[in-house]
Each structure stands twice: as C-alpha cells, then as structure tokens.
Amino acid sequence: MRLIKTGGVVLLALVLLGISCENRKQLSLQDDVDFSFHEQNFGESAGDLLRADKYKSLRVEIHYMTGFRPDMNAIANLRVFLNQCLNKPEGVKIFVKEIAAVKDTLLTRNEVDTLRRANRVIKTKKDQIAIYILYTNGQFHNKYILGQAFRNTTIIIYGKSLRNRLNAFEASRSEILETELLLHEFGHLLGLVNKGSPMMSDHDDRKREAHCENEDCIMYAVIDRNQDQPLRYFDEACLQDLAANSRTNTE
159 MRLIKTGGVV LLALVLLGIS CENRKQLSLQ DDVDFSFHEQ NFGESAGDLL
209 RADKYKSLRV EIHYMTGFRP DMNAIANLRV FLNQCLNKPE GVKIFVKEIA
259 AVKDTLLTRN EVDTLRRANR VIKTKKDQIA IYILYTNGQF HNKYILGQAF
309 RNTTIIIYGK SLRNRLNAFE ASRSEILETE LLLHEFGHLL GLVNKGSPMM
359 SDHDDRKREA HCENEDCIMY AVIDRNQDQP LRYFDEACLQ DLAANSRTNT
409 E
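Here it is, written out as structure tokens:
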C-alpha cells in the first residue's frame with residue numbers, strides 16, 4: 159500500500175520497450191484455468207515470481223478504465239525493473255487495454271475484488287505466471303491510498319487519487335510518482351517487507367506492516383518528497399531479501 163502526504167519524488171525515465179496495446183483477440187482467455195492460484199495473500203507468490211524453477215515467463219495484463227490511461231513511460235520503467243529483477247528466461251510481456259469505467263467511483267475492497275474477477279483475462283498456467291494491474295477511475299474509501307497490492311498477483315491503482323496527486327507535479331515529472339507507485343506495489347507482490355521474502359536483516363517498519371523503515375527506500379510507506387529530491391529505489395536491505403528469495407533450493 160502506498161500513502162501520500164506532501165511533496166513529490168523524482169524518478170529517472172527509462173526507455174519504452176516491448177509493451178503492446180492489445181485487443182482481446184490477442185489475449186488467451188484461459189477459461190479452463192483454475193482461478194484459485196490468484197486468491198492467495200500478497201507475497202505468497204514471491205518465489206514464483208523471482209525464480210524460474212516453476213514459471214519461466216511472466217505476462218502482465220494492464221487494464222485501465224476510460225480516461226485513466228497509465229503513463230507509458232512508467233509502464234516501461236516497470237518492465238525494465240521486471241527484466242532486471244526476475245529470473246524469467248522466456249521473457250516478460252506486458253499487455254495494455256482500455257476497459258469501461260464504473261459509475262460508483264468510491265470503491266470498497268469487495269468492489270475492487272469484483273472488478274478484478276470480472277475483468278481479468280490472463281491467468282497463471284503451466285510455466286507462465288500472470289500479474290493483473292487495474293487502473294480504476296475511482297478511489298479507495300481511504301482517499302489517501304494511491305494503490306494496493308491485492309492478493310498475490312494483482313495491483314490496484316486508484317486512478318482518481320493518483321491524478322489528484324499528480325496535479326501537484328510538473329507535467330514532465332508525472333511519470334516519476336507513477337513509476338515509484340508501480341514499483342512499490344510490485345515490491346509487495348515480491349514479498350516485501352517480510353511478507354514472502356524473508357528478511358536477511360532487521361529493516362521492517364514496526365508501525366507500518368510490510369514496509370521498510372528506511373525513508374529513502376521505495377518500500378517506505380509514505381510519500382513525503384519534494385520535486386527536487388532524487389529517486390527512491392529498493393535499498394540494500396530489500397535487495398538482499400529479493401536476492402536471497404531468488405535462489406532455488408538447489409543453489
């Protein structure tokens with residue numbers, strides 16, 4: 159979960175590579191796939207995402223509700239991170255698609271869950287693991303929450319809250335906050351902090367579960383940055399946790 163206060167973050171833009179705006183015909187519906195894999199708690203598939211012993215490729219399905227298209231540079235930044243951090247020898251592919259907006263824009267957890275189940279297409283099967291990212295046109299009942307890691311393979315971005323936050327930034331820097339938000343929530347899916355990727359050192363925030371105590375780490379719970387401050391990435395403690403969990407039992 160990522161909360162907001164004041165100020166901003168600065169994150170360097172990376173090159174846009176390998177992202178497809180796909181129509182539904184290009185996506186495998188996989189109706190025969192058991193959805194129960196995607197009903198686990200966040201972090202429980204951290205090892206499956208990090209390693210290649212079970213799943214050799216990753217498919218990321220991104221849906222955005224009309225009017226809330228993600229910043230494609232931010233999506234490119236996410237892809238670069240995934241290629242660097244995850245061991246997926248058969249590659250990472252990202253699919254982006256617009257879906258209809260919903261009328262009720264103040265969302266509860268149950269409503270988010272309903273949207274996830276109704277719209278998700280790509281699911282985990284055989285040696286392919288799948289992640290679903292949904293940009294809604296609304297906000298969570300706590301309007302200060304910009305995004306959430308939802309169960310083990312889903313990220314929810316609250317588009318209305320994110321847009322309100324981005325209004326405080328220069329247009330050229332709007333991708334900065336959005337990139338950090340995506341990496342932060344994906345960090346939760348990777349088991350940070352101490353929620354699937356065991357800690358190699360004591361660095362969890364005792365006041366905010368599943369977050370890092372280091373204010374300069376991307377896994378810190380609160381955004382409280384000025385526009386001229388440098389980017390936050392995963393600090394050494396979080397990177398060590400991911401590195402340890404990325405090793406197979408035979409290594």
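So the sequence shown is numbered by this note's numbering: it starts at 159 and just counts up by one.
Even glycine gets a Cβ: it sits at the ideal position worked out from N, Cα and C.
Note that the structure is a prediction, hence the values are computed from the model and not measured.
Counting only the Cα atoms, Asp-271 lies some 31 Å from His-361. In the structure shown, Gly-305 falls within a strand segment according to DSSP collapsed to helix, strand and coil. Judged by pairs of C-beta atoms under 8 Å, the segment 193-202 does not touch the segment 233-248, as fewer than three such pairs exist. For Lys-318, the enclosing alpha helix (DSSP H) covers residues 317-324.
Buried is the label assigned to Glu-336, since at least 16 other Cβ atoms lie within 10 Å of its Cβ. Judged by their CB atoms, His-346 and Ala-368 are nearer to each other than the 8 Å cut-off.
Taken atom to atom, the span from the alpha-carbon of Ser-404 to that of Gln-398 is near 10 Å. The Cβ atoms of Lys-251 and Arg-217 sit closer than 8 Å to each other.
Contact between Tyr-293 and Met-230 does not hold, since the beta-carbon distance rounds to 12 Å and is not under 8 Å.
Arg-217 is bridged by DSSP to Lys-251 and Ala-288.
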